[in-house]
Amino acid sequence: MRKFERLYEGTVTQGNPTLLNEIYTELYITESESGEISNEHEVRQIETQSRRAATEDTAIKCNDIFRPLPGQDKAIRTVLTKGVAGIGKTVSVQKFILDWAEGKENQDVQLIFPLPFREINLMKDKKLSLTDLLHVFFPETKEMEISSDEYEVLFIFDGLDECRLSLDFQSNVRLCDVIESASVDVLLMNLIVGNLLPSALIWITSRPAAADLVPSECVHRVTEVRGFSEPQKQEYFRKRISDQSLANRIISHLKSSRSLYIMCHIPVFCWISATVLEKMLSQAESGEIPKTLTQMYTHFLILQTNIKREKDYEKKVTDEDMILKLGKLALQQLVKGNLIFYEEDLRECGIDVTEALVYSGLCTQIFREELGYYQGKVFCFVHLSIQEHLAALYAHLSWTNHNRNVIDQITKQSSPSKEKDWSQLNSSESVSLSELHQRAVNEALQSKNGHLDLFLRFLLGLSVKSHQILLQQMKLKRSISDSSVLKTVEFIKEKIRTIDSPEKSINLFHCLNELGDRSLVEEIQQYLKSGTIRETKLSLSQWSAVVFELLTSEEELNEFHLNKFVKLFSLLDLAEKHDVFRKMLPVIKESRSVQ
Numbered sequence: 083m084r085k086f087e088r089l090y091e092g093t094v095t096q097g098n099p100t101l102l103n104e105i106y107t108e109l110y111i112t113e114s115e116s117g118e119i120s121n122e123h124e125v126r127q128i129e130t131q132s133r134r135a136a137t138e139d140t141a142i143k144c145n146d147i148f149r150p151l152p153g154q155d156k157a158i159r160t161v162l163t164k165g166v167a168g169i170g171k172t173v174s175v176q177k178f179i180l181d182w183a184e185g186k187e188n189q190d191v192q193l194i195f196p197l198p199f200r201e202i203n204l205m206k207d208k209k210l211s212l213t214d215l216l217h218v219f220f221p222e223t224k225e226m227e228i229s230s231d232e233y234e235v236l237f238i239f240d241g242l243d244e245c246r247l248s249l250d251f252q253s254n255v256r257l258c259d260v261i262e263s264a265s266v267d268v269l270l271m272n273l274i275v276g277n278l279l280p281s282a283l284i285w286i287t288s289r290p291a292a293a294d295l296v297p298s299e300c301v302h303r304v305t306e307v308r309g310f311s312e313p314q315k316q317e318y319f320r321k322r323i324s325d326q327s328l329a330n331r332i333i334s335h336l337k338s339s340r341s342l343y344i345m346c347h348i349p350v351f352c353w354i355s356a357t358v359l360e361k362m363l364s365q366a367e368s369g370e371i372p373k374t375l376t377q378m379y380t381h382f383l384i385l386q387t388n389i390k391r392e393k394d395y396e397k398k399v400t401d402e403d404m405i406l407k408l409g410k411l412a413l414q415q416l417v418k419g420n421l422i423f424y425e426e427d428l429r430e431c432g433i434d435v436t437e438a439l440v441y442s443g444l445c446t447q448i449f450r451e452e453l454g455y456y457q458g459k460v461f462c463f464v465h466l467s468i469q470e471h472l473a474a475l476y477a478h479l480s481w482t483n484h485n486r487n488v489i490d491q492i493t494k495q496s497s498p499s500k501e502k503d504w505s506q507l508n509s510s511e512s513v514s515l516s517e518l519h520q521r522a523v524n525e526a527l528q529s530k531n532g533h534l535d536l537f538l539r540f541l542l543g544l545s546v547k548s549h550q551i552l553l554q555q556m557k558l559k560r561s562i563s564d565s566s567v568l569k570t571v572e573f574i575k576e577k578i579r580t581i582d583s584p585e586k587s588i589n590l591f592h593c594l595n596e597l598g599d600r601s602l603v604e605e606i607q608q609y610l611k612s613g614t615i616r617e618t619k620l621s622l623s624q625w626s627a628v629v630f631e632l633l634t635s636e637e638e639l640n641e642f643h644l645n646k647f648v649k650l651f652s653l654l655d656l657a658e659k660h661d662v663f664r665k666m667l668p669v670i671k672e673s674r675s676v677q
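Spelled out as structure tokens, the structure:
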């Protein structure tokens with residue numbers, strides 16, 4: 083109870099953690115069809131999920147994940163819970179354990195062993211038995227006979243996406259005895275498959291991209307954490323902020339920007355927004371209240387560096403030095419797909435561990451060090467989006483302050499044939515800002531799983547005028563001309579006109595939004611308002627704008643009529659129908675029914 087009753091939002095080391103039971107807001111969890119993998123950036127998945135009416139799925143309370151739904155008679159041994167970064171998987175695990183420890187729920191379970199992958203990784207080179215492994219993490223178990231049926235046991239493996247073990251489910255190494263030694267990956271695999279302790283319950287959490295690391299035949303139920311529903315978003319702010327009129331102003335401000343309000347499905351984003359807006363709306367702060375994602379994250383970063391100044395650390399750590407080093411780490415690990423870092427990852431970026439301790443002490447809400455049961459050091463950014471923002475800021479500052487083009491280094495790093503050492507990030511090739519942006523756009527469009535989409539939004543958003551003022555304290559060496567930004571806007575519009583994928587063009591509209599250009603969307607809004615859209619022959623980029631507008635509007639897509647957009651749709655020839663249908667596919671996929 084002592085270990086799990088407090089929630090440290092963003093930080094482990096600061097005082098004043100919140101009691102979990104005071105702030106916990108029930109998340110929207112549903113049973114998922116399968117562990118199918120989405121190849122979109124997680125923020126796009128959130129935008130998609132925000133469209134779904136809550137009536138479509140059966141919600142499952144966190145404490146009921148091992149209980150069959152009405153009408154199901156299957157026994158559930160292994161549950162896989164998937165959800166994007168920061169959506170609340172780990173907090174759900176914490177709440178499940180706390181309710182159990184307080185004697186409220188799941189009292190048929192006698193023992194719970196939480197084993198986060200980020201800590202199991204530290205044991206990856208060891209050979210030991212399951213009993214030994216438990217003795218390392220839970221010394222209290224030395225007196226227990228775990229192998230008998232005397233105890234109902236639950237193992238919780240949190241963060242499968244952070245696993246750095248090679249889990250080979252094709253392996254023929256069978257382990258049935260808890261005192262038989264093997265490598266840690268073989269132990270886990272045999273436990274999950276059910277060779278070891280077949281009566282034990284297993285709960286695995288993962289981000290969607292890694293959910294298929296465990297074969298579907300080993301999983302009896304897949305659930306999905308969808309984050310906060312509309313009422314839960316508001317409940318969170320009212321619990322988090324004691325001044326209710328301020329809470330209402332924050333909610334109204336977020337609702338006025340659709341791209342920000344959609345992000346509030348992610349609890350971590352609610353926490354970032356609450357941190358920034360509570361300060362900006364409660365004081366006579368000068369400056370523009372953030373309306374875009376980039377503005378919100380840059381304000382958050384500035385708040386953090388201001389907190390750093392209040393802590394009386396050695397003066398030799400400058401803001402710029404700290405942000406450049408953390409940004410380099412963020413970008414390098416983003417390209418590799420890592421959210422969790424160990425000492426060797428930091429050394430690769432020129433950060434020694436004593437520096438890392440200073441950084442995690444200075445900006446506990448951005449970058450933190452965790453000491454697990456096993457007392458090994460684990461480092462991480464508080465959320466993937468903070469890592470993406472810092473990576474973009476690093477790329478931006480490398481260009482403005484040192485005339486370096488780090489975008490091409492990403493390409494070289496991600497393509498093994500052209501692999502270069504990351505220490506050679508001082509690319510001597512000089513490029514203009516619009517060329518840097520164009521290369522970043524092309525790189526993001528080529529990414530199969532959209533993992534650079536949010537990085538791109540941030541990188542472009544950092545070049546607008548309001549950001550130059552915000553970033554002055556980072557000692558920007560040169561200002562950015564309006565003509566560079568205009569060139570980037572035109573390049574993106576050209577891409578929207580020519581790329582074939584409606585999904586990929588949606589992120590480009592978000593990029594235009596960050597750059598302050600809404601001309602394409604406003605033109606479509608006029609057509610929709612006046613009802614003339616059916617008579618208008620739309621270009622490819624206008625069709626993309628229609629899709630973007632419909633997917634980010636507040637209205638639920640219950641019934642979608644193609645006739646509203648194309649006059650006499652039924653009279654078009656098959657090729658034209660097919661063309662319209664393909665352009666509107668993202669909207670069709672999200673509608674309950676289509677006419």
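This note's numbering applies: residue 83 is where the sequence shown begins, and numbers increase by one.
We put the beta carbon where it would ideally sit given N, CA and C, even for glycine.
None of the values given here were measured: they were computed from a predicted structure.
Taking all protein chains shown into account, R450 has 16 or more neighbouring C-beta atoms within 10 Å of its C-beta and is therefore buried. DSSP, reduced to helix, strand and coil, places C431 outside both helices and strands of the structure shown, so it counts as coil. Excluding the 5 residues flanking it on each side, L193 has same chain C-beta neighbours closer than 6 Å at Y233 and V235, in chain order.
Bounds of the beta strand (DSSP E) holding I194 are L193 to P196. In its chain, beyond the 5 residues on either side, S288, R289 and A292 have a beta carbon closer than 6 Å to the beta carbon of D243.
Counting other Cβ atoms within 10 Å of its Cβ, L216 reaches 16 or more and is therefore classed as buried. A residue is called buried once 16 or more other Cβ atoms fall within 10 Å of its Cβ, and K407 is buried on that count.
Going by C-alpha positions, E426 is about 23 Å away from V218. Put simply, the backbone Cα of K171 is about 19 Å away from that of R322. Look at T305 here: in three-state DSSP terms it is strand.
Every beta strand (DSSP E) stretch that sits fully inside the segment 212-300 and reaches 3 residues is listed by chain position as 235-239 and 283-288.
Listed in chain order, the non-local C-beta contacts of A522 below 7 Å within the same chain comprise I489, L538 and L541, local neighbours out to five positions each way being set aside.
Sorting I606, Q624, T160 and G241 by C-alpha distance to the C-alpha of E576 places Q624 at the top.
Within the same chain, I578, I581 and S626 come within 7 Å of S587 by CB-CB distance, once the 5 residues on both sides are set aside. Relative to E122, the option among Q415, N589, S516 and D599 whose CA is nearest is N589.
Just so you know, the alpha carbons of Q386 and L553 end up roughly 13 Å apart. For L151, the secondary structure class from DSSP, reduced to helix, strand or coil, is coil. Around G309, the same chain offers I169, H347 and I348 as residues with beta carbons nearer than 6 Å, after the five sequence neighbours per side are excluded. The residue from T380, L342, G432 and V567 with its alpha-carbon nearest to that of D599 is V567.
Exposure of H643 is indicated by the presence of fewer than 16 other C-beta atoms within 10 angstroms of its C-beta.
Contact check for V260 and T213: beta-carbon distance about 5 Å, within the 8 Å limit, so the pair qualifies. Here E638 carries a coil assignment [DSSP, helix/strand/coil]. In this structure, DSSP gives A356 a helical state, which the three-state scheme calls helix. Listed in chain order, the non-local C-beta contacts of V662 below 6 Å within the same chain comprise V648, local neighbours out to five positions each way being set aside. For C352 and I562, the gap between their C-alpha atoms comes out near 31 Å. Across the structure, E108 and K143 are spaced so that their CA atoms are roughly 8 Å apart.
Taking 8 Å as the cut-off, the beta carbon of L622 is found no closer than this to the beta carbon of V669. Here A412 carries a helix assignment [DSSP, helix/strand/coil].
Sorting L472, R486, L479 and H549 by C-alpha distance to the C-alpha of L534 places L472 at the top.
With a beta-carbon spacing of about 32 Å, M345 and E184 fall beyond the 8 Å limit used to define contacts. As DSSP reads the structure, V166 sits in no beta bridge.
Using a Cβ distance threshold of 8 Å, R674 and E637 do not count as a contacting pair. Here F423 is buried. Its C-beta has 16 or more other C-beta atoms within 10 Å.
Spanning the alpha carbons of I433 and T614 requires a straight line of approximately 59 Å. Beyond the five residues adjoining it in sequence on each side, L439 comes within less than 8 Å, by CB distance, of E451 in the same chain, given in chain order. Bridge partners of S675 according to DSSP: E641.
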